[in-house]
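Before any comments, here is the structure.
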Amino acid sequence: MDAAQQVHEQFIAALDAGGLQRRSNLGLAAVGLTPQRAAALLHSQMVSRQLDRLSRKLQARGEGFYTIGSSGHEGNAALAEALRVDDVAFLHYRDAAFQIHRANRVPGENPMWDMLLSFTASAEDPISGGRHKVLGSKRLMIPPQTSTIASHLPKAVGAAFSIGIARRMGLEETVLAKDGVVLCSFGDASANHSTAVGALNTAAWAAFQGTPMPIVFLCEDNGIGISTRTPKGWIQANWSGRAGLHYIACDGCDLAEAWRGASEAVDYARRYRKPVFLHMRTVRLYGHAGNDVQQVYLSKEDIAADNARDPLLASAALLIEEEVMSAAEVREAYDAIEAQLLRQVELAIARPKLPDAASVMASIVPPKREGSARPLASADARAAIFADEAAAMEKPQHMARLISWGMADVLLQYPNAIVCGEDVGPKGGVYNATARLHARFGSARVINTLLDEQAILGLAIGAAHNGLLPLPEIQFLAYVHNAEDQIRGEAATLPFFSNGQITNPMVVRIAGLPYQKGFGGHFHNDNSLAVFRDIPGLVIAVPSCGREAVLMLRECVRLAHEEQRVVIFVEPIALYMTRDLHAEGDGLWTSVYEAPGVSEIRVGEIGVHGEGADLAVVTYGNGVYLSMQAQKLLAEQGVAVRVIDLRWIAPLAEEALLAAVAPCSRVLVVDECRETGSQSEALLALMAIKAPEKALGVLAATDSFIPLARAATHTLPSRDGIVAKALEMVRG
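Numbering (this note's numbering), first residue to last: 1 to 732.
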């Protein structure tokens, strides 16, 4: 017999035979749960159970596509009762009972119909629009989650942290209430993931210092991760004595016990603004998903013991014993839910699906916010902020200093903007690119974080959920790789899986790219942007000089604020302090700081240096600097070159680029990133397809990591290498 059917028949037989038994001696009055609320909780639990059964039937018919169920985890509905409906909830994929119960508390919601649309991948699914079966709802304050193997914990911590930060900033219009609580649920197996460990550590680290952190971590401990058992006592031993983290345990298979734990956890987090680890013991019925046969790795005795812990058995027993409902009434309600679902599911199957690729991709780029443009800061406000550097601002400066001034203007213009990262505070960042921001704007807006890139990006994503405009900094490009899923799997996918309803706009500043001599080797000279280039919807900006860095940074912030985009802003480390271009003291790579409103560089606008028609050099970042050096040397040899600065790696401005190279019969791509997976591959493919008449060449970094000291540039394009390649192409 199918496992779902077996558990179903066990519940029916127990109701009919009158043999139900409670799992504890706790009664409703003892835990402060009214009969009406208890009955509503049981109803939500039964709806969740019947939906699980139906999802498997739909899969067998080829009409359903997701069968990770919530059966055995229905105790999480108690959290939906204990929390307010405006408390944001980042949910585990087994938390259907939570969403159903919260929906039942909000007028106008129809959770059964919505779930059926999600099961059948209908384009009318109110959260994902048919893109995935996800738990989520904008009205219910549940951002959508897909396969939540702990990746949602960092942003939940960020959201909780942002509540206190927003209060200190004096922001009135935030998404989350000032006394709000954040829920983040996950399984016992996910608690072992490095992302979960890091997020829990971040919350405890902050709370240990007295930072408000109103979050409930709900660990739904069913004792197994797919087929691997969690050692008994492991979760409690790891988290019950953790500094800064309040531990509460309860049995999620018992309604009264689940409510006791849930209400205690929510009350503690809301009252004390501190994190709670709610260890809720659950049971996984049916196996991991529809195709998982748990008899392969569990004994019949283990399965029978798990089935006996079915929370519906205990919930029904409690309500029957306390005379809230009779066994017959529970059976009638359970059967009525099934009958209603069977009627509705045929209608859901017939609802429209996503018809084409354009429809699928429609939510990758989020909708623009109409009327959201921010006015420029007043002259008086700017004069006050920059009073101590007014004289310096009249003189040409290098990129790092210009960026720091640009960041100050951004914080002045956007009162909801925050800067966060390692050492961005009083130190001013590793390269002084956030110099004086902390002194000017305070610790609520310029936030020193712990050394954890997942925590930094999670803070940014969570803060964006609360209406803040985050500008996180990752110290070095190589450091982003242990946290890249926060951008790839969380930040960039949120508009896609919410049909554009929920976004987390931000500008991630990253010091990166090569040519830094004598320091750090590969870890401070990472020359690969491939990790970002294949993420749909992401904007990638790479300035080449200080003036353009400021203008592009302002455009990136505008994109985040007005168009809700996730933007990667890569600052070439080697150019931070560069002043000269051709000769020592020429100062040609410095600029005077331009105030906001004077000039702009919009996304997709490329830069063209020179009008030469012999050869077009297409490049970006450090390549622009080197190519302009080569341009001068080539001119002395009678070769007229134009240097084209891409500026925007994604989206690639194809038409503008083709127009810029049109007067030239030859195109040389200079790419400081490694040959394999670099921008040069896409650029050459574009030229070969759209401009096949042109002679093409490429000079890219070799497929190597970067060593230390003088050897640091051996594998990279150089000025002289560009000259030699250009002469070869022009003269044969």
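The C-beta atom is built at its ideal place from N, Cα and C for all residues, glycine as well.
Query: Could you spell out the range, first to last residue, of the alpha helix (DSSP H) harbouring tryptophan 405?; Result: 399-413
Query: If leucine 513 sits next to glycine 621, beta carbons under 8 Å apart, how far is it from one beta carbon to the other, in whole angstroms?; Result: 5 Å
Query: What would DSSP say about asparagine 448, mapped onto helix, strand or coil?; Result: strand
Query: Starting from alanine 695, follow the beta strand (DSSP E) in both directions and report where the run begins and ends.; Result: 695-701
Query: Rounded to a whole number of angstroms, what is the C-alpha to C-alpha distance between isoleucine 320 and serine 326?; Result: 5 Å
Query: Since threonine 619 is in the beta strand (DSSP E), which residue starts that stretch and which ends it?; Result: 615-619
Query: Looking at methionine 393: is its Cβ nearer than 7 Å to the Cβ of tyrosine 593?; Result: yes
Query: Just to confirm, is the Cβ distance from proline 275 to leucine 313 under 7 Å?; Result: no
Query: Taking all protein chains shown into account, decide if lysine 725 is buried (16 or more other Cβ within 10 angstroms of its Cβ) or exposed.; Result: buried
Query: So who's on the other strand from phenylalanine 217, going by DSSP bridges?; Result: Cys184, Phe277
Query: For the pair the region 361-371 and the region 485-504, tell me if three or more CB-CB distances fall below 8 Å.; Result: yes
Query: Could you tell me which uninterrupted beta strand (DSSP E) segments, each at least 3 residues in length, are contained entirely in the region 138-201, listed from first to last along the chain?; Result: 142-145, 182-187
Query: Confirm, please, whether the CB-CB distance from valine 661 to alanine 630 is below 7 Å.; Result: no
Query: Report all residues from its chain with a CB closer than 7 Å to the CB of glycine 64; omit the five preceding and five following residues, and keep chain order.; Result: Ser55, Leu58, Phe119, Thr120
Query: Run the CB neighbour count on phenylalanine 523, radius 10 Å, all protein chains shown included, and call it buried at 16 or more, exposed below.; Result: exposed
Query: Would cysteine 556 and alanine 574 be called neighbours here (beta carbons separated by less than 7 Å)?; Result: no
Query: Buried or exposed, going by whether 16 or more other CB atoms sit within 10 Å of the CB of aspartate 267?; Result: exposed
Query: Out of curiosity, what's the CA-to-CA distance linking glutamate 389 and leucine 176?; Result: 37 Å
Query: Quick one: complete beta strand (DSSP E) runs, 3+ long, within the region 440-507?; Result: 446-448, 469-474
Query: Short of 6 Å in beta carbon distance, which residues of its chain neighbour leucine 33, apart from the five on each side in sequence? Order them along the chain.; Result: Trp259
Query: Given a cut-off of 7 Å on the beta-carbon distance, is the pair phenylalanine 186 and histidine 92 in contact?; Result: yes
Query: Helix, strand or coil: how does DSSP classify glycine 638 here?; Result: coil
Query: Where do the ends of the alpha helix (DSSP H) carrying phenylalanine 532 lie?; Result: 530-533
Query: Suppose you measure from the CA of methionine 280 to the CA of serine 359; what does that come to, to the nearest Å?; Result: 40 Å
Query: Candidates Ile127, Ala653, Arg710, Arg731: which alpha carbon is nearest glutamine 516's?; Result: Arg710
Query: Leaving out five residues before and five after glutamine 236 in sequence, what residues of the same chain have Cβ atoms less than 8 Å from its Cβ?; Result: Tyr247, Ala249, His279
Query: Quick one: residues in its chain with C-beta nearer than 7 Å to the C-beta of leucine 588, no 5 flanking neighbours on either side, listed in chain order?; Result: Asp580, Leu581, His582
Query: What do you get for alanine 189, buried or exposed, if any count of 16 or more other CB atoms within 10 angstroms of its CB means buried?; Result: buried
Query: So within the region 553-634, which uninterrupted beta strand (DSSP E) runs reach at least 3 residues, ignoring any that extend past its ends?; Result: 566-572, 607-609, 615-619
Query: Taking Cβ positions, are aspartate 86 and valine 181 nearer each other than 7 Å?; Result: no
Query: Given asparagine 76, which residues of its chain have a CB within under 6 Å of its CB, disregarding the five upstream and five downstream residues?; Result: Asp95, Ala97, Phe98
Query: Can you round the beta-carbon distance between arginine 666 and methionine 729 to whole angstroms, since I take them to be within the 8 Å contact cut?; Result: 5 Å
Query: Quick one: using the 10 Å Cβ neighbour count with 16 as the cut-off for buried, is histidine 481 buried or exposed?; Result: exposed
Query: On a CA-only basis, which of Ile461, Ser162, Gly164, Leu683 is nearest leucine 699? Give me that one, please.; Result: Leu683
Query: Arginine 284 lies in the alpha helix (DSSP H); which residues open and close that run?; Result: No alpha helix (DSSP H) contains arginine 284, which DSSP labels as neither H nor E.
Query: Please state if the CB of glutamate 473 and the CB of arginine 440 are separated by a distance shorter than 7 Å.; Result: no
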